[in-house]
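In my numbering, the protein residues as written are -5 to 318. Think of the CB as a built atom: it goes at the ideal place given N, C-alpha and C, for glycine as much as any other residue. What you are looking at is a predicted structure, and each value in this text was computed from that prediction instead of being measured.
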């Protein structure tokens, strides 16, 4: 491939998916020395605002409007790297008339795994598939994992110098989340300080957890922090407990020990914590079973999600093991 001076990378959403693109930014900048631009949705720009490998972030809201298309066309990009690969990104490539590369989504392999439990070749991690899509450019995996760069001015009113655990209690679907009782049972026994992390949708659940567990060292930060403040809390924590969410990938970017919980989705779909601490533990409600659905919206065994079958004892034992 000829010399590439200016490259546009696109990934519209969401938290975890954008963090998972960061190895691509690093290896492109270090190995090809190109000027890198990134197109994403406005709420997620903060995830990349302090990334030293990016020259400029372009923002998209609901539609590909004429102003955005004109602005992108004026940049005269040499290449578009499509890490979204949907109808909107296809339309963007067609309108900009740029040379492009895109990654393998492995949708057929996922279908075989979910529907038939058939896995002849396995599904490689999505980050590896991102990097493999760039092989024609001569770039190579540097083995360094994910990145997250927190702006220096970010602060949280919490004694960060003390040892504490972080627990991400949210999830895009109810079937991907531990129940209130599961979390309460663990925290009722926990002797360490714990901060609960999540968005506005988790505020009430966080309040209920604190009320029921009667543990004075559990703090509810759900809905109170920006994404960068949340990242700071995870970075300073001793370890992270998390459902299959974007905050799990945030923890992986900081190489944190992660205790992750899996039910309807499984690490075998290619979205496990990437190159995080070797002390990390994956707790699955279906350790030998296939995923119920690609994104975790549907469970084949329970309306509430098979993740609810994970016992508090399993979680507490994992906590003890992670902290040895």
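In the assembly as shown, residue 280 is a buried residue. Its beta-carbon has 16 or more other beta-carbons within 10 Å. No Cβ-Cβ contact shorter than 8 Å links residue 181 with residue 224. For the 8 Å CB-CB criterion, residue 21 and residue 121 do not form a contact. Sequence-distant partners of residue 193 (beyond 5 residues in either direction) whose C-beta falls short of 8 Å from its own C-beta, in its chain, are 164, 216 and 217.
As computed with DSSP, residue 32 is found in a beta bridge with 3 and 51. Counting C-beta pairs closer than 8 Å gives three or more between the segment 1 to 15 and the segment 73 to 86, which meets the contact rule.
Residues 117 of the same chain have their beta carbon placed closer than 6 Å to that of residue 103, with the five preceding and five following residues left out of the count. Of all alpha-carbon atoms in 274, 51 and 8, the one lying nearest the alpha-carbon of residue 19 is that of 51.
Between residue 139 and residue 247, the alpha-carbon positions lie close to 7 Å from each other. Counting other Cβ atoms within 10 Å of its Cβ, residue 265 reaches 16 or more and is therefore classed as buried.
The beta carbons of residue 316 and residue 277 sit no closer together than 8 Å. The beta carbons of residue 275 and residue 176 sit no closer together than 8 Å. Proximity of the segment 256 to 273 to the segment 287 to 307 meets the contact definition, three or more beta-carbon pairs being nearer than 8 Å. For residue 43 and residue 244, the gap between their C-alpha atoms comes out near 15 Å. Your pair residue 162 and residue 282 does not check out as a contact, with CB atoms roughly 26 Å apart and the cut at 8 Å. A buried status is given to residue 31, since no fewer than 16 other beta-carbon atoms sit within 10 Å of its beta-carbon.
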